[in-house]
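Accompanying notes for the structure given below.
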RNA sequence: GCCCCGGUAGUGUAGUGGCCUAUCAUACAGGCCUGUCGAGCCUGUGACUCGGGUUCAAAUCCCGGCCGGGGCGCCA
């Protein structure tokens with residue numbers, strides 16, 4: 003096993019002997035001296051190879067990105083501009099890399115997104131690409147940590163489901179032995195069933211599939227959904243959990259990922275609570291801006307851009323009309339045409355959708371039928387509401403979209419290691 | 001699902017009917033030079049997405065396929 007990562011060299015005294023293992027990012031050879039810039043997951047170090055090193059001739063035939071193990075000593079004074087240096091005593095080439103590289107790593111040439119994704123394993127060697135996923139991981143960890151400390155249990159629910167769905171999104175068909183099944187668009191129904199099972203607070207981090215033929219910088223056909231559901235809670239409680247989970251996620255990212263503020267769009271842990279605006283207030287703003295918006299319809303992208311300009315970062319749009327929300331969304335006590343629902347927005351990008359849910363089985367059945375769905379297909383779900391279902395609320399969040407807005411990425415595909423879009427199912 | 005734009009060496013580009021035997025950068029191979037550091041200099045290798053059509057002549061114009069980027073719709 004590797005004993006030292008490159009960044010460990012920072013604390014080492016001159017004269018200390020180390021073994022560095024990583025990728026040979028740059029190789030330069032001269033008459034009496036040569037250099038290898040070695041990269042590992044933690045950073046760069048220059049291995050300086052003098053003529054008297056017995057492995058000097060290995061440099062001359064070494065290709066970039068070959069995997070090497072280099073032994074050496076920390077020098078008294080560091081002359082390399084990468085800030086770390088070892089004076090080499092021994093070099094082992096563990097595996098050679100073919101040339102030329104499929105895409106440049108340090109070359110001063112841009113590479114198209116398509117070419118990069120076709121060769122993603124090399125693309126990910128670029129520090130500016132790799133750090134996206136360090137950030138995503140740290141954001142998720144911070145959110146998970148917040149939920150775990152609030153009595154949530156992490157669960158896994160099936161991704162293959164039979165015909166009954168929430169309606170709305172198109173689903174992917176999959177052969178399942180002699181049956182036709184679908185890839186689940188969200189864990190919604192399962193989360194609620196687990197609330198009925200007495201777990202009270204559940205969350206899941208997993209894939210969600212949407213067979214929509216969109217081609218935009220903010221859609222993936224397979225994305226990572228963070229979903230929560232909590233018993234004995236209303237939409238305001240769920241919003242509270244959401245904004246604090248996000249603040250904790252971003253806070254964790256900024257405080258644990260190296261140089262986070264240098265590449266993050268958001269430089270500070272966001273203040274909570276996030277501002278809230280109702281759907282009806284949005285329509286009023288649009289009207290004042292002379293933008294035609296139809297009451298009872300969804301806000302389109304252009305409308306959301308107008309609304310988004312009024313807020314610095316994250317904001318909630320609450321109390322959406324019943325007509326644009328799923329059947330399981332609870333309505334306002336004082337006006338049943340509107341719902342206890344909310345979307346979390348960042349400018350025009352929708353990050354999260356959530357609500358208090360209907361917990362009365364009679365009303366729920368009615369709402370399913372109002373949407374034109376067959377309630378018999380939902381019996382597995384409806385019956386969990388008849389034997390003691392508490393009031394509950396929750397949300398579903400697109401992790402790639404969250405990473406996209408936190409980092410200011412131009413395309414959500416950049417936040418997916420191996421994105422799945424309208425045409426890409428490879429690699 | 002509808003609409004717009006695009007596809008030229010490994011990578012990224014210039015070229016919109018003949019001056020293209022296709023530009024430049026980077027990579028790659030070889031050489032010179034140098035405790036170098038986006039090193040520099042010289043030489044070399046390497047490309048018009050596929051199929052059909054128009055034309056004396058097509059990278060260039062037309063049609064179709066495939067692939068890509070984006071707008072709308074829809075959503076996380």
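Residue numbers (our numbering): 3 to 429.
Heads up, the beta-carbon is just placed ideally off N, CA and C, and yes, glycines get one too.
Original post:
Would you report the Cα separation of residue 309 and residue 320, rounded to the nearest angstrom?
Top reply: Counting from 1 along the first chain, the entry for residue 309 is found at position 307. Counting from 1 along the first chain, the entry for residue 320 is found at position 318. Rounded to the nearest angstrom, the two C-alpha atoms are 13 Å apart.
Original post:
How many angstroms separate the CA atom of residue 192 from the CA atom of residue 279?
Top reply: Here the question's residue 192 lines up with position 190 in the first chain. Here the question's residue 279 lines up with position 277 in the first chain. Residue 192 and residue 279: Cα-Cα distance of roughly 30 Å.
**OP:** Take every Cβ of the region 395 to 414, pair it with every Cβ of the region 225 to 241, and state whether three or more of those distances are shorter than 8 Å.
**Re:** Cβ pair count under 8 Å is three or more, so yes.
**OP:** Specify the secondary structure class of residue 411 as computed by DSSP and reduced to three states.
**Re:** Position 409 of the first chain, counting from 1, holds the residue named residue 411. In this structure, DSSP gives residue 411 a state outside helix and strand, which the three-state scheme calls coil.
Original post:
By the 10 Å Cβ neighbour count, where 16 or more other Cβ atoms means buried, how is residue 323 classified, buried or exposed?
Top reply: The sequence position of residue 323 within the first chain is 321, counting from 1. Classification of residue 323: buried, given that the 10 Å Cβ count is 16 or more.
Subject >> First through last residue of the beta strand (DSSP E) which encompasses residue 30 >> reply: In the first chain, residue 30 corresponds to position 28, counting from 1. Taken as a continuous stretch (DSSP letters only), the beta strand (DSSP E) holding residue 30 covers 19 to 31.
Original post:
So what does DSSP say about residue 143, is it helix, strand or coil?
Top reply: Working through the first chain from its first residue, we reach residue 143 at position 141. Here residue 143 sits in helix by DSSP.
**OP:** Along the alpha helix (DSSP H) that carries residue 370, what are the first and last residues, could you check?
**Re:** The residue labelled residue 370 in the question sits at position 368 within the first chain. Its alpha helix (DSSP H) spans residues 363 to 372.
Subject >> Range covered by the alpha helix (DSSP H) that runs through residue 286 >> reply: Here residue 286 corresponds to residue number 284 of the first chain, with the count starting at 1. Membership of residue 286 in the alpha helix (DSSP H) is indicated by the continuous run 281 to 290.
**OP:** Mind checking who residue 206 pairs with in its DSSP beta bridge?
**Re:** Against the first chain, residue 206 aligns to sequence position 204. Paired residues: 229.
Subject >> For residue 106, the nearest candidate out of 183, 163, 121 and 137 (CA to CA) >> reply: In the first chain, the residue the question calls residue 106 occupies position 104. That would be 121, whose Cα lies nearest to the Cα of residue 106.
**OP:** Would you identify the three-state DSSP class for residue 42, choosing helix, strand or coil?
**Re:** Your numbering for residue 42 matches position 40 in the first chain. Strand at residue 42.
Subject >> Nearest-angstrom Cα separation, counted from residue 408 out to residue 365 >> reply: Looking up residue 365 in the first chain gives position 363. Looking up residue 408 in the first chain gives position 406. Computed Cα separation, rounded: 39 Å.
Subject >> Option nearest residue 357 by Cα separation, candidates 382, 379 and 327 >> reply: Here residue 357 refers to the residue found at position 355 when the first chain is read from its first residue. With distances taken between Cα atoms, residue 357 lies closest to 327.
Subject >> Rounded straight-line distance, which links the Cα of residue 306 to that of residue 283 >> reply: As a working mapping, residue 283 is identified with position 281 in the first chain. As a working mapping, residue 306 is identified with position 304 in the first chain. Between residue 283 and residue 306, the C-alpha separation is close to 12 Å.
Original post:
alpha helix (DSSP H) containing residue 88: first to last residue?
Top reply: As a first step, residue 88 is located in the first chain; it is residue number 86 there, counting from the start. Run containing residue 88: none in the alpha helix (DSSP H); it sits in the beta strand (DSSP E), 87 to 97.
**OP:** Less than 8 Å between the CB atoms is what I'm expecting for residue 157 and residue 196, so what's the real figure, rounded?
**Re:** As a working note, residue 157 is residue 155 in the first chain. As a working note, residue 196 is residue 194 in the first chain. Residue 157 to residue 196, Cβ: 6 Å. Contact.
Original post:
CB residue 161 to CB residue 205, shorter than 9 Å?
Top reply: Within the first chain, the letter at position 159 stands for residue 161. Within the first chain, the letter at position 203 stands for residue 205. No. Outside cutoff.
**OP:** Hey, could you find the ends of the beta strand (DSSP E) residue 185 is sitting in?
**Re:** Walking along the first chain from the start, residue 185 turns up at place 183. Start and end: 181 to 185.
Original post:
Exposed or buried, which one is residue 125 when buried takes at least 16 other CB atoms within 10 Å?
Top reply: In the first chain, the residue the question calls residue 125 occupies position 123. Residue 125 should be labelled buried.
Original post:
In this structure, does DSSP put residue 360 in helix, strand or coil?
Top reply: Position 358 of the first chain holds residue 360. Three-state DSSP puts residue 360 in coil, outside helix and strand.
Original post:
Thinking just about the alpha-carbon of each residue, which of 119, 46 and 178 is nearest to the one in residue 428?
Top reply: As a position in the first chain, residue 428 is number 426, starting the count at 1. If we check each option's Cα against that of residue 428, 119 comes out closest.
**OP:** Rounded to whole angstroms, what's the CA-CA distance from residue 300 to residue 95? Just pull it up for me.
**Re:** One-based indexing of the first chain puts residue 300 at position 298. One-based indexing of the first chain puts residue 95 at position 93. Approximately 59 Å between the Cα atoms of the pair.
Subject >> Segment contact flag, the region 343 to 350 with the region 369 to 377, C-beta cutoff 8 Å, min 3 pairs >> reply: Result no; under three Cβ-Cβ pairs closer than 8 Å.
**OP:** Classify residue 177 as helix, strand or coil using the three-state DSSP reduction.
**Re:** Taking the first chain and counting its residues from 1, the one referred to as residue 177 is at position 175. In the structure shown, residue 177 sits in a strand (DSSP, three-state: E or B).
**OP:** Consult DSSP for residue 48 and reduce its assignment to one of helix, strand or coil.
**Re:** As a working mapping, residue 48 is identified with position 46 in the first chain. Looking at residue 48 - three-state DSSP - the assignment turns out to be strand.
Original post:
Would DSSP call residue 60 helix, strand or coil?
Top reply: What you label residue 60 is simply residue 58 of the first chain in a count that begins at 1. Helix.
**OP:** In the DSSP assignment, find the beta strand (DSSP E) that holds residue 258 and state where it starts and stops.
**Re:** Position 256 of the first chain, counting from 1, holds the residue named residue 258. No beta strand (DSSP E) holds residue 258; the alpha helix (DSSP H) holding it covers 237 to 258.
Original post:
For residue 10, which of 370, 255, 245 and 44 has the nearest alpha-carbon?
Top reply: Here the question's residue 10 lines up with position 8 in the first chain. Nearest of 370, 255, 245 and 44 to residue 10, Cα basis: 44.
Original post:
Whose CA, out of 394, 28 and 297, lies closest to the CA of residue 332?
Top reply: Within the first chain, the letter at position 330 stands for residue 332. Minimum Cα distance to residue 332 is reached at 394.
**OP:** Using the Cα positions of residue 266 and residue 17, report the straight-line distance between them to the nearest angstrom.
**Re:** The count along the first chain starts at 1 and reaches residue 266 at position 264. The count along the first chain starts at 1 and reaches residue 17 at position 15. In a straight line, the C-alpha of residue 266 is about 37 Å away from that of residue 17.
**OP:** May I have the straight-line CA-CA distance separating residue 423 from residue 415, to the nearest angstrom?
**Re:** Along the first chain, read from residue 1 onward, the residue named residue 423 stands at position 421. Along the first chain, read from residue 1 onward, the residue named residue 415 stands at position 413. Using only the alpha carbons, I get a separation of about 8 Å.
**OP:** Evaluate residue 255 with the Cβ neighbour count: other Cβ atoms within 10 Å of its Cβ, from every protein chain shown; 16 or more gives buried, anything less gives exposed.
**Re:** As a first step, residue 255 is located in the first chain; it is residue number 253 there, counting from the start. Classification of residue 255: buried, given that the 10 Å Cβ count is 16 or more.
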